[in-house]
Every structure is written in C-alpha cells, then in structure tokens.
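Q:
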Amino acid sequence: MRKKEKEFEVSLLQLKEQQASGQRLNIQDNVEMIKLHKLLVEKSNAFAAMEGKFLQLQEVW
194 MRKKEKEFEV
204 SLLQLKEQQA
214 SGQRLNIQDN
224 VEMIKLHKLL
234 VEKSNAFAAM
244 EGKFLQLQEV
254 W
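Residues 194 to 254 (my numbering) make up the sequence shown, in order.
(1) Taking just the CA atoms, how far does Gly245 sit from Trp254?
(2) Is Met243 helix, strand or coil by DSSP?
(3) Would DSSP call Met268 helix, strand or coil?
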C-alpha cells in the first residue's frame with residue numbers, strides 16, 4: 194500500500210509541475226501580447242498624427 198501512495202505522490206507532483214510550466218508559458222504569452230498591443234497603439238497613434246499633418250498639408254496646397 195505504501196508503494197501505491199508514493200507512486201500517487203510522484204504522479205501528483207509531476208502534474209503540478211506540468212501545470213506550473215503551462216502557467217509560466219501562458220504568462221510569457223500574455224506579456225508578449227501586452228508588449229505587442231502597446232506597440233500597436235504607439236504605431237497607430239503615430240500614424241494618426243502623420244495622417245493629420247498630411248491632411249493639413251493637402252489643405253495648404
């Protein structure tokens with residue numbers, strides 16, 4: 194009976210390690226998505242500003 198308990202504990206520990214590893218990967222993915230989203234917002238804002246300047250220049254010409 195003791196051997197079965199030990200096997201169960203080992204299996205449980207492995208599952209917990211797999212879960213923790215998966216969570217770490219999810220966190221890394223989320224951080225990358227946040228960085229990409231921030232970059233997209235920055236680029237979109239820069240584009241909108243340039244577009245505004247372009248429209249102003251068109252009005253002048």
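All C-beta atoms, glycine included, are put in the ideal place defined by N, C-alpha and C.
A: So, from the data block:
(1) Counting from 1 along the sequence shown, the entry for residue 254 is found at position 61. Counting from 1 along the sequence shown, the entry for residue 245 is found at position 52. Going by the C-alpha atoms only, they are around 15 angstroms apart.
(2) Taking the sequence shown and counting its residues from 1, the one referred to as residue 243 is at position 50. If DSSP states are grouped into helix, strand and coil, Met243 belongs with the helices.
(3) For residue 268 there is no data in the structure shown, the boundaries of the chain being 194 and 254.
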